[in-house]
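This report concerns only the one structure given below.
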Amino acid sequence: VAFFGILTSLFPLFVIAGIVMLVRRSRSGSSGSDDASVSLRRLLEYCFLAVALGLAASGLDSLFSAAVEAMVEGTDDVDTPSWAITSLLVGGIALWFLVRNVRRRFEESPDEQGALGWVLYQGILELVTLIGFAISVNDLLDGIIGAGDVEPQNLVHLAVWGAVWVVHIRLGDRIVGGEPVRSTLVPFAVSINALGALVASVGGLIALCFMAVYEGITGYSSWGGTVDGIRDVASVLIVSAALWWWYWLRQAVHDRGSMLHHAYTLFVGVLGGLGALVGVSVMFLAALINWGFAIGEDPAVEYFDFLPVAVAVAVVATLVWRYHRELVPPVEGRPRNDVDRAADHLAAFVGICALLAGVFVVLFVAFHHLTPVPPGAERETTMVIIVGLPLLVVGVLVWRRFWQAIQVRAGDAEEVGSAVRRAYLYVIFGMSGLVALVTVLFLVFQVIDGILNTSFDREGIWDLHAPLAIALTAGVATGYHRRILRSDQKVLAGAMPVPMPRPAPSPELPGPGRVIIVAADPAPLAAAVEMATGAEVEVIRRSDPPPVTFDLDMARMEIAESDAATLMVVVGPDGNMLLIPVDRS
1 VAFFGILTSL
11 FPLFVIAGIV
21 MLVRRSRSGS
31 SGSDDASVSL
41 RRLLEYCFLA
51 VALGLAASGL
61 DSLFSAAVEA
71 MVEGTDDVDT
81 PSWAITSLLV
91 GGIALWFLVR
101 NVRRRFEESP
111 DEQGALGWVL
121 YQGILELVTL
131 IGFAISVNDL
141 LDGIIGAGDV
151 EPQNLVHLAV
161 WGAVWVVHIR
171 LGDRIVGGEP
181 VRSTLVPFAV
191 SINALGALVA
201 SVGGLIALCF
211 MAVYEGITGY
221 SSWGGTVDGI
231 RDVASVLIVS
241 AALWWWYWLR
251 QAVHDRGSML
261 HHAYTLFVGV
271 LGGLGALVGV
281 SVMFLAALIN
291 WGFAIGEDPA
301 VEYFDFLPVA
311 VAVAVVATLV
321 WRYHRELVPP
331 VEGRPRNDVD
341 RAADHLAAFV
351 GICALLAGVF
361 VVLFVAFHHL
371 TPVPPGAERE
381 TTMVIIVGLP
391 LLVVGVLVWR
401 RFWQAIQVRA
411 GDAEEVGSAV
421 RRAYLYVIFG
431 MSGLVALVTV
441 LFLVFQVIDG
451 ILNTSFDREG
461 IWDLHAPLAI
471 ALTAGVATGY
481 HRRILRSDQK
491 VLAGAMPVPM
501 PRPAPSPELP
511 GPGRVIIVAA
521 DPAPLAAAVE
531 MATGAEVEVI
541 RRSDPPPVTF
551 DLDMARMEIA
561 ESDAATLMVV
571 VGPDGNMLLI
581 PVDRS
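FYI, full-length UniProt numbering numbers position 294 of the sequence shown as 294, with every residue one higher than the one before it.
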């Protein structure tokens, strides 16, 4: 049930999205249905509609639940459903008036269903009612499977909230302006939470299977029965699988190419799956190394009882990572794009985080051994091997695998100039630089404060090990990525086109700089003037017929001898030419 409760955390996302859209509409200066005040009034009306619906549905749910309870246990053990009747009566009447008003508006203006307020109402109510419906189905399945008690009221909850959920699904499926009313945030939001519940339940089942195998091999078991464990996760598995199929496989997965689809695939699937796989790998190596130092303290079968869970997490994380990585279109037959780059850079980010954590542990332990030990403290020699070595090994392997694949194209200007690569470098460079600056500031403060207060002893030096290790680790990351940024700048500078040398200025030609020709056939004279003087020529065509005779060479020479900056040439019907200096300043 807790997995489905995560959906409630998405409500602020819809509220923030609504506020942003309202502000954008108010700044756009649009009128009519797009006016911000109208949108805000509609949003308030839909809030009242949601409250009325909640009162009516909860009242109906409570009333029928009380009736079922009275039929099963008798009327003496059932409280009077006063609040249920009140909620149903007040909420039902308000709901009837509000629904009638909304339906009338939609009939008059069908495009109103695509407005911001209604989209937010439909999306939030679909999520809320889905939570109630999923919890009801989960409780009912628990009772049927045997993981809980069968409560007749669960059927009432399922019927009421399921009906309201279906109604809002139908409202979201309506097409307005060629697009469904439902916001694309809804299927992706449910898909994320359903995937989390599905991964947890599938991982639980796989862990139970490995536990049974482990118990069969070693004869040791520190957990309950396998059948009881399967019952505990079966209902969550069924509900989450159904929701993931409905919202992801039927809806969201087909929205390929959208920003939400890329964000879900890369950040939830690729980053989440690979991050979990790296984490469980580090944990397994650390536990294995730690057992080498603790041989004889615990039996091996007891110490390694975490293996089934670790293997299950690794299997599920690998499946999630590979499935979402396959959703990225193959690179064969097409140029590399930002989605491909984002997948590689996110994987490299996971690796470098583990690598830097390992470097920090190594430096921290090294400082412990380079400074005197204060009274009561101990040097953690094994920490660098148990924790630092797994982080370094896993981090180097992952980071080297993906960063080398990225750096193979470091000579390509399009690659190094991509937004993904620059965002990756600037994020790591900026974050590590900021961390280094803050920790150095803290170190200097601690040193000065200790000197002034005469408390800068062994214990004071010992307390500086962690921030000093953080500062050096962040400094190494900053320096390396600064070098990469400089190298990218050189590649981009080398790829810039060489500017063509400006042609030498031609010798100055005689005549005006601008000539306006007014003639019945100005084209021949315009070409001759432009060739003789190099002037900018503007032509105005007269509507009367052209002259029978016109001396073009004489006209060209007279225009070239003029010293006016701008000259208007008017050719009359008889072939005579009038030169008029013009001042256009």
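Backbone N, C-alpha and C fix where the C-beta goes; we use that ideal spot for every residue, glycine too.
Bridge-paired residues (DSSP) for residue i
i, result
"residue 656", "Summary: the structure shown does not reach residue 656, with the chain confined to residues 1 through 585, and so no result is reported for it."
"R514", "E536, T566"
"I175", "P180"
Helix, strand or coil at residue i according to DSSP, with G and I counted as helix
i, result
"P299", "coil"
"A519", "strand"
"V181", "coil"
"S30", "Because the pLDDT of S30 is 44, which lies under 50, any placement of that residue in the model is unreliable, and the question is left without a value."
"S332", "One point to set straight first is that residue 332 is Glu, not Ser, in the sequence displayed. If DSSP states are grouped into helix, strand and coil, E332 belongs with coil."
"R542", "coil"
"V166", "helix"
"A447", "Here the sequence assigns Val to residue 447, which means Ala is not the residue at that position. Looking at V447 - three-state DSSP - the assignment turns out to be helix."
"V236", "helix"
"V278", "helix"
"V427", "helix"
"V373", "coil"
"L22", "Residue placement at L22 is poorly supported in this model, since its pLDDT is 47, which falls under 50; the coordinates still yield a value, given next. Three-state DSSP puts L22 in a helix."
"N453", "coil"
"W462", "helix"
"A115", "coil"
"P524", "helix"
"G494", "helix"
"S506", "Caution is warranted here: a pLDDT of 49 is assigned to S506, below 50, making its placement in the model unreliable, and no coordinate value can be reported."
"P390", "helix"
"Y220", "coil"
"T129", "helix"
"R41", "helix"
"N290", "helix"
"L158", "helix"
"G229", "helix"
"D583", "coil"
"S62", "helix"
"S418", "coil"
"G257", "coil"
"P187", "helix"
"T265", "helix"
"P547", "coil"
"Q489", "helix"
Extent of the continuous beta strand (DSSP E) to which residue i belongs
i, result
"R409", "From DSSP, R409 is part of no beta strand (DSSP E); its letter is neither H nor E."
Option nearest residue i by Cα separation, candidates the options
i, options, result
"L158", "V99, G219, R174, S62", "S62"
"V213", "L307, Q446, T318", "L307"
"H254", "A343, V328, Q446", "V328"
"D305", "I217, T318, R325", "I217"
"I131", "V393, A163, A419, V529", "A163"
"R486", "A474, G272, L425, D449", "L425"
"Q251", "M383, V176, M531, A189", "A189"
"I145", "A70, W399, M211, D232", "D232"
"V387", "W291, I169, Q113, S136", "W291"
"E558", "S136, P335, I385, A532", "A532"
"V571", "D583, S183, A519, R541", "A519"
"G479", "M431, P524, H465, L441", "M431"
"G395", "V373, Y323, A276", "A276"
"I135", "I470, R103, I238", "I238"
"G273", "E215, G196, M211", "G196"
"G575", "L552, P152, I352", "L552"
"V420", "A347, I385, L171", "A347"
"V384", "H369, L397, V398", "H369"
"N101", "F48, V447, W165", "F48"
"A186", "V137, W246, E326, D228", "Reading the sequence as shown, one finds Val at residue 186 and not Ala. The option with the nearest alpha carbon to V186 is W246."
"W321", "G417, G269, H345", "G269"
"G460", "A469, L468, V447", "V447"
Span of the alpha helix (DSSP H), counted from its first residue to its last, around residue i
i, result
"P308", "307 to 327"
"L88", "82 to 108"
"E151", "Here E151 belongs to no alpha helix (DSSP H), and DSSP marks it neither H nor E."
"E558", "552 to 560"
(request) Decide if the region 448 to 461 is in contact with the region 479 to 493; the criterion is three or more beta carbon pairs, one per stretch, under 8 Å apart. (result) no
(message) Using 8 Å as the cut-off, can you tell me whether the region 511 to 523 makes contact with the region 558 to 573, which would need three or more C-beta pairs spanning the two stretches below that distance?
(response) yes
(message) Count Cβ pairs between the region 186 to 203 and the region 122 to 137 that sit closer than 8 Å; are there 3 or more?
(response) yes
(request) Answer yes if the region 227 to 245 comes into contact with the region 163 to 177, meaning at least three C-beta pairs across the two stretches below 8 Å, and no otherwise. (result) no
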